[in-house]
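Chemist: Respectively, the protein sequence lines represent chains A and B.
According to our numbering, the first sequence is numbered sequentially starting from 317.
According to our numbering, the second sequence is numbered sequentially starting from -16.
Backbone N, C-alpha and C define an ideal beta-carbon position, used for all residues, glycine too.
Since the model is a prediction, treat every value here as computed from it, not as a measurement.
Structure provided below as structure tokens; questions to follow.
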Amino acid sequence: MDSKKRYGFVIDVSRCIDCRACQVACSVENSVPMDQTRIWVQDLGVKGEFPNLERTFVPYNCMHCEHPPCIEVCVSGATYKDQNTGLVLVDQQACIGCGFCVDACPYNARYLDKRRGVVDKCNACLPRVERGQQPACVATCVGGSRMFGDLNDTQSDASITLKNARSVARLDYEANGHDTDPNIYYINAPSMAGLELPGDSRQPLVTQSGFLPRDPQYSLAEQGWKKVLTPLLFAGIGASFLVQAVYFTKQLIEGENEFEE
Amino acid sequence: MSYKTIPLEERRRLREKKYKKHNLANILTHWFNVGMWLLLLPTGIAIISSPRLGLSPVWWQEMFRNLFGNTANLIHFHYTLGLIWTFVLTFNILLGFRKYFVPFAATRMLLDKDDLNWLRIKPLQMLGFMKDKPLPPQDAYNAGQKLYMYVVILGTVGIMVSGIVMTYNAVFPPWMKQWAQPLHWVSVFAIVAGLIIHVYMGAVFPEEKEAFFSMFSGKVSAWYARAHHEKWYWLKVKEELQWEEQVAQEVEEAGQTKIVEGRKTVAERKLTVKPTAVD
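Shown next, in the form of structure tokens:
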């Protein structure tokens, strides 16, 4: 999808200290329920041998993918990729909270808000961004780990930081006909975290379980409909239309008579 | 077919004579339903935008989203109308349950042996076989109409129930909202498959022209009834004869009481309005 802007996150992994201030700021800014969170920090654990130890924390939120698997399952278009900003958004006025997209997201970046019966996720604090502010998580990040900006604009802070990074990695999901092409760029990961690749690589590179993107899941209600019912219904409607068309053509050719019975 | 032997004079009389087929409740509910379908079906198709389903063209989706401003407005329009539709139909059925619905279901919907034969012969005739074989006589609705009636009733209930689940999304659990979606469209498309035939037969097909106008006036000619709904026609004739007999009896009784009592009865006062009936 082409968009005028391509907002994305550049996250300096070496700067994250797992303070989770971003999580608090996000919850406050977006009124996220206490038992849910839009963003989180993944602890990759302690790596290496004493005394050369590393511990890496990976901040996580919606990847605002270029080709999001969540959008193609949404039946009403309540979740969509915004053409102007490139962000993946949910119109909660249109969402009924069926959860197809929650199952489909390879990053578990979505959750069901049971109280309101809708799906909720990171919207990059769009109201703040529209006012020229940074998203809450970025504004509050004490270590300057999180950065946000227009990745199409080569002069934005995020783009410049990305260009000067020692290493760049993305959690791309490329399988089963999908290529998510995520817009979170993890930079400067310590070598032992397994996040490092030279240059701008498009390959997924983390091997820790629970951190790699998972396969999109499709419930029976979603799949069964597509594979069985759609062809059946089209066949039914097609046959019905055909019968009607044949008789109508016949009627047109033969003409009408008022006293015909 | 049997009605082809009816002589000209009798045919003329039959064409003039009218029988009432639909009551006002049915007519109004039918046209209310038509209006609602005309609004709900296009907006509903426009809502379904998942590319994995591919059920509606993109230009259609975009046209309606532009028309309503955004997806949320389109959906709100759809379910507000849907709730009105659900409420009115439910209200009508409950209100007319004893007077209209029960007699309708009991006399016009049940399939009998003739209907089953009709279902065996008619499809083959439509394909061009067994053209000379006579069709069994039909009730007020023929077997095809009866079958479709069941599809419509089940489908309508399915649409209403699943629609309510999706409208009140804060109340129902996700698994219900997931299954409500295929249920909603299966019901809609099952009805639409028959609807194409229904609209064609009702509004365009020359032999059924009377059926179309009867949906406004409620009446069909005796000739049409005789040719298309023979069993119902004879039922009407029987009802008419019974009425005539009853009137004759009333007149007779009224005459006797007059002699015995020597003063006017209620029955007699009624009869003075129609003096021709006295003879």
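Where Leu50/B and Ile31/B are concerned, what is the direct C-alpha to C-alpha distance, given to the nearest angstrom?
Modeler: Residue mapping note: residue 50/B aligns to position 67 of the second sequence, counting from 1. Residue mapping note: residue 31/B aligns to position 48 of the second sequence, counting from 1. Cα to Cα, Leu50/B sits roughly 16 angstroms from Ile31/B.
Chemist: Note down, in chain order, each residue of its chain lying with its Cβ closer than 6 angstroms to the Cβ of Tyr489/A, except the 5 sequence neighbours on either side.
Modeler: To locate residue 489/A, count along the first sequence from 1; it is residue 173. When the five nearest sequence neighbours on each side are left out, the beta carbons in the same chain lying within less than 6 angstroms of the beta carbon of Tyr489/A are those of Pro422, Thr496 and Pro529, in order along the chain.
Chemist: State buried or exposed for Thr69/B, treating a residue as buried only when at least 16 other CB atoms are found within 10 Å of its CB.
Modeler: In the second sequence, counting from the first residue as 1, residue 69/B sits at position 86. Under this definition Thr69/B is a buried residue.
Chemist: Classify Tyr133/B as buried or exposed, calling it buried when 16 or more other Cβ atoms lie within 10 Å of its own Cβ.
Modeler: Within the second sequence, the letter at position 150 stands for residue 133/B. Classification for Tyr133/B: exposed.
Chemist: Quick check: is the beta carbon of Met109/B nearer than 9 angstroms to any beta carbon in chain A?
Modeler: Residue mapping note: residue 109/B aligns to position 126 of the second sequence, counting from 1. Chain A, which has a Cβ nearer than 9 angstroms to the Cβ of Met109/B, makes this yes.
Chemist: Does DSSP put Glu496/A in a helix, in a strand, or in coil?
Modeler: Here residue 496/A corresponds to residue number 180 of the first sequence, with the count starting at 1. Looking at the sequence shown, residue 496/A is not Glu but Thr. Correct three-state label for Thr496/A: coil.
Chemist: Buried or exposed for Phe199/B, going by 16 or more other Cβ atoms inside 10 Å?
Modeler: Sequence index remark: in the second sequence, residue 199/B carries index 216 (1-based). Its Cβ having fewer than 16 others within 10 Å, Phe199/B is exposed.
Chemist: Suppose you measure from the CA of Tyr316/B to the CA of Phe112/B; what does that come to, to the nearest Å?
Modeler: The structure shown has nothing for residue 316/B, since chain B only spans -16 to 262.
Chemist: So the candidates are Cys441/A, Arg431/A, Asn492/A and Asn468/A; which of them puts its Cα closest to the Cα of Val344/A?
Modeler: As a working mapping, residue 344/A is identified with position 28 in the first sequence. That would be Cys441/A, whose Cα lies nearest to the Cα of Val344/A.
Chemist: Would you kindly report the start and end of the unbroken beta strand (DSSP E) that includes Gln128/B?
Modeler: Indexing the second sequence from 1 puts residue 128/B at position 145. From DSSP, Gln128/B is part of no beta strand (DSSP E) but of the alpha helix (DSSP H) over Ala126 to Thr150.
Chemist: Which word fits Ser170/B, buried or exposed, when buried means at least 16 other C-beta atoms lie within 10 angstroms of its C-beta?
Modeler: Taking the first residue of the second sequence as 1, we reach residue 170/B at position 187. Buried: at least 16 other Cβ atoms inside 10 Å.
Chemist: Output needed for Ile76/B: all residues of its chain with C-beta closer than 6 angstroms, excluding positions within five of it in sequence on either side, in chain order.
Modeler: Position 93 of the second sequence holds residue 76/B. So the list reads Phe84, once near-sequence residues are dropped.
Chemist: Look at the alpha carbon of Ala237/B and the alpha carbon of Tyr124/B, and state the distance between them as a whole number of angstroms.
Modeler: By one-based count along the second sequence, residue 237/B stands at place 254. By one-based count along the second sequence, residue 124/B stands at place 141. Going by the C-alpha atoms only, they are around 40 angstroms apart.
Chemist: For the 8 angstroms Cβ check, are there 3 or more pairs between the segment 203 to 211 of chain B and the segment 2 to 13 of chain B?
Modeler: yes
Chemist: Can you find the residues in the same chain that come closer than 7 angstroms, C-beta to C-beta, to Met92/B, ignoring five residues on each side of it along the sequence?
Modeler: Counting from 1 along the second sequence, the entry for residue 92/B is found at position 109. If we look at Met92/B and ignore the five residues flanking it on each side, its Cβ neighbours are Lys129 and Met132.
Chemist: Whose Cβ in chain B lies nearer than 8 angstroms to the Cβ of Val389/A?
Modeler: Here residue 389/A refers to the residue found at position 73 of the first sequence. Close partners of Val389/A in chain B (Cβ separation under 8 angstroms): Ser33 and Arg35.
Chemist: Please determine if the segment 322 to 334 of chain A and the segment 455 to 465 of chain A are in contact, where contact requires at least 3 C-beta pairs separated by less than 8 angstroms.
Modeler: yes
Chemist: If you check the beta carbons only, do Phe325/A and Asn400/A fall under 9 angstroms apart?
Modeler: Locating residue 325/A in the first sequence gives position 9, where the first residue counts as 1. Locating residue 400/A in the first sequence gives position 84, where the first residue counts as 1. No. Outside cutoff.
Chemist: Does DSSP classify Gly364/A as helix, strand or coil?
Modeler: Taking the first residue of the first sequence as 1, we reach residue 364/A at position 48. Gly364/A falls in the strand class under three-state DSSP.
Chemist: Leaving out the 5 sequence neighbours to the left and right, which residues in its chain are closer than 8 angstroms to Val148/B when beta-carbon positions are compared?
Modeler: Taking the first residue of the second sequence as 1, we reach residue 148/B at position 165. Same-chain partners within the cutoff: Phe155, Met159, Lys160 and Ala163.
Chemist: Evaluate Arg103/B with the Cβ neighbour count: other Cβ atoms within 10 Å of its Cβ, from every protein chain shown; 16 or more gives buried, anything less gives exposed.
Modeler: By one-based count along the second sequence, residue 103/B stands at place 120. Around the beta carbon of Arg103/B, a 10 Å sphere encloses fewer than 16 other beta carbons of the protein chains shown; the residue is thus reported as exposed.
Chemist: Nearest to Val404/A by CA position, among Cys414/A, Ala537/A, Gly393/A and Ala455/A, is which residue?
Modeler: Here the question's residue 404/A lines up with position 88 in the first sequence. Here the closest residue by C-alpha is Gly393/A.
Chemist: Quick one: give me the first and last residue of the alpha helix (DSSP H) that Thr470/A is part of.
Modeler: Against the first sequence, residue 470/A aligns to sequence position 154. Run containing Thr470/A: none; DSSP gives neither H nor E here.
Chemist: Evaluate Met109/B with the Cβ neighbour count: other Cβ atoms within 10 Å of its Cβ, from every protein chain shown; 16 or more gives buried, anything less gives exposed.
Modeler: Taking the first residue of the second sequence as 1, we reach residue 109/B at position 126. Of the residues assessed, Met109/B falls on the exposed side of the cut-off, its CB having fewer than 16 other CB atoms within 10 angstroms.
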